[in-house]
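In the UniProt record's numbering, the protein residues as written are 1 to 455.
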């Protein structure tokens with residue numbers, strides 16, 4: 001058995017779209033569930049009104065409770081995660097703990113971690129070292145809060161906060177690469193050199209998978225397509241093989257939950273029919289493109305034509321979002337760049353000596369990188385704008401599963417109180433590519449030093 005098998009280190013990654021958690025050394029996470037949660041404001045100081053993470057406040061009625069304590073009891077939030085979140089509930093709001101890749105609600109993140117540990121992995125976090133995947137642009141304050149929660153609440157024996165880009169690079173067997181992370185909430189391009197992220201190279205864009213989903217939904221709505229959430233109807237059989245759709249009325253359903261359910265359907269449409277065009281999208285050239293059929297949950301069949309090329313091309317040409325009714329486009333902002341421009345800007349911010357190596361090791365990761373033809377299109381456009389003697393190579397796993405989970409894919413290794421990162425590929429296992437020397441010990445005693453070191 002390897003050291004990782006003996007101690008069972010846990011890897012957890014809370015992204016904008018989903019939370020991934022599992023055992024270090026496994027090819028894929030053990031559990032994947034939405035990183036958004038359902039929240040209901042509870043009245044009264046009951047155990048049911050408390051989040052998963054909270055214990056009884058222990059207030060003693062004999063001592064007399066202050067009016068302020070009563071007010072606080074009325075503001076308790078009950079969270080629903082994983083499968084519990086999928087069921088419609090009256091007055092349940094959908095909350096995301098992240099905004100632009102930064103945690104804005106640590107109470108929700110705490111509940112997500114607790115759900116992953118206690119309900120999904122069924123482990124005691126006190127017995128497992130932790131590796132947390134964090135954004136490449138994460139601040140020191142965010143790291144301190146994460147370390148504080150892990151050590152003081154979950155009492156983990158060891159902790160390592162690893163940059164997303166570094167994990168992606170190691171998983172592919174490279175210590176130096178340019179990582180293009182197309183996530184749900186944003187797209188981040190960052191250079192990794194000898195196992196460390198070059199912070200000055202980071203280029204970010206607010207255009208991610210969720211924005212493309214919104215574009216698809218608004219475009220369909222502008223064409224008269226009605227997307228019905230699954231909870232809002234039922235099918236009644238009127239004759240063998242013939243069903244009638246009956247609308248259901250749930251007046252207490254929140255707008256945020258209704259929108260979440262509609263986005264889930266639009267996201268499936270996007271993933272099923274979209275592909276990146278070989279050349280920049282043009283309305284005239286793609287006007288007569290063959291359509292693709294898609295059956296909605298309520299039984300109606302829609303035809304998707306030029307939109308299946310136009311929506312993905314927003315990653316390359318953000319100004320296209322301005323042409324979609326109801327979308328607040330980014331095209332009027334000069335700071336929003338397409339993927340090829342982000343790649344070149346990131347490379348140009350790095351030292352001249354490593355630019356060629358970065359261009360020949362461009363790694364695609366994230367859920368949105370699974371769109372068909374994105375690898376070929378990106379390689380083509382970057383090559384056109386690169387120096388003549390540059391060798392441009394965009395690398396992406398043939399498995400969409402590996403692209404989605406590249407940050408946690410085959411990250412393993414642990415010895416005593418030292419958490420190490422390495423990859424199981426032949427390159428990373430060789431002496432020249434070993435990443436074992438890049439690790440350092442982390443424990444409760446030197447958590448602050450760890451945060452400073454990572455910064």
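Ideal Cβ placement from N, Cα and C applies to all residues, glycine included.
Can you list, in chain order, the residues of its chain with a C-beta nearer than 7 Å to that of residue i? Leave out the 5 residues immediately preceding and following it.
i	result
residue 184	15, 16, 17, 208, 209, 210 and 367
residue 215	311, 314, 321, 324 and 327
residue 338	315, 316, 317 and 318
residue 254	91, 92 and 93
residue 287	306
residue 385	340 and 344
residue 308	273, 274, 275 and 292
Could you check which residue in the options has the C-alpha nearest to that of residue i?
i	options	result
residue 231	239, 213, 21 and 251	251
residue 355	309, 190, 336 and 369	190
residue 76	107, 82 and 392	107
residue 456	239, 289 and 260	Nothing about residue 456 can be read from this structure; the chain reaches only from 1 to 455.
residue 204	347, 187 and 384	187
residue 131	142, 145 and 159	159
residue 346	199, 396, 308 and 249	199
residue 27	261, 238, 171 and 180	171
residue 224	124, 303 and 24	303
residue 109	149, 218, 358 and 100	149
residue 82	363, 23 and 121	121
residue 262	363, 240 and 220	220
residue 162	196, 35 and 174	196
residue 364	182, 217 and 307	182
residue 297	287, 264, 282 and 36	264
residue 241	154, 299, 249 and 259	299
residue 378	350, 206 and 280	280
residue 217	348, 385, 117 and 268	268
residue 100	238, 206, 234 and 167	206
residue 272	166, 146, 348 and 371	371
residue 118	154, 41 and 278	154
residue 260	146, 166 and 213	213
Buried or exposed: residue i, going by 16 or more other Cβ atoms within 10 Å of its Cβ?
i	result
residue 315	buried
residue 381	buried
residue 352	exposed
residue 341	buried
residue 164	buried
residue 387	exposed
residue 485	Summary: the structure shown does not reach residue 485, with the chain confined to residues 1 through 455, and so no result is reported for it.
residue 201	buried
residue 180	buried
residue 389	exposed
residue 124	exposed
residue 451	Residue placement at residue 451 cannot be trusted, given a pLDDT of 41 that sits under 50; what the coordinates show is reported in the next sentence. Classification of residue 451: buried, given that the 10 Å Cβ count is 16 or more.
residue 114	buried
residue 43	exposed
residue 71	Residue placement at residue 71 cannot be trusted, given a pLDDT of 49 that sits under 50; what the coordinates show is reported in the next sentence. Counting Cβ neighbours within 10 Å, residue 71 comes out exposed, since fewer than 16 surround it.
residue 56	Caution is warranted here: a pLDDT of 40 is assigned to residue 56, below 50, making its placement in the model unreliable, and no coordinate value can be reported.
residue 270	buried
residue 416	Reliability fails at residue 416, whose pLDDT of 28 lies under 50, so the model's placement of it is uncertain and the value that follows must be treated cautiously. With fewer than 16 Cβ atoms within 10 Å of its Cβ, residue 416 is classed as exposed.
residue 375	buried
residue 369	buried
residue 238	exposed
residue 87	exposed
For residue i, I'd like the list of residues in its chain whose CB is within less than 6 Å of its CB, leaving aside the five on either flank, ordered along the chain.
i	result
residue 301	293 and 295
residue 128	8 and 10
residue 360	391 and 393
residue 343	189 and 382
residue 373	275 and 276
residue 156	125, 130 and 150
residue 236	244 and 246
residue 222	325
residue 31	21 and 120
residue 357	176
residue 395	363
Leaving out the 5 sequence neighbours to the left and right, which residues in its chain are closer than 8 Å to residue i when beta-carbon positions are compared?
i	result
residue 102	135, 138, 139 and 142
residue 291	303, 304 and 305
residue 38	79, 80, 81, 84, 85, 89, 92, 93, 94, 95 and 257
residue 169	175, 176, 177, 179, 192, 195 and 363
residue 98	14, 15, 16, 35, 104 and 185
residue 336	205, 206, 207, 318 and 330
For the structure I just gave you, are there three or more beta carbon pairs, one from the stretch 217-231 and one from the stretch 243-258, closer than 8 Å?
yes
Give, in chain order, every unbroken run of the alpha helix (DSSP H) that is at least 4 residues long and sits entirely within the stretch 137-221.
140-148 and 164-171, all fully within the stretch 137-221.
Ranges of the beta strand (DSSP E) found wholly within the stretch 220-300, counting only runs of at least 3
233-239, 242-247 and 292-295
Any beta strand (DSSP E) of 3 or more consecutive residues that is wholly inside the stretch 73-131
Assignment of beta strand (DSSP E) within the stretch 73-131, counting only whole runs of 3 or more residues, yields 77-80 and 93-95 in chain order.
Enumerate, from N- to C-terminal direction, the unbroken alpha helix (DSSP H) stretches of 4 or more residues contained entirely within the stretch 348-404.
352-359, 374-385 and 400-404
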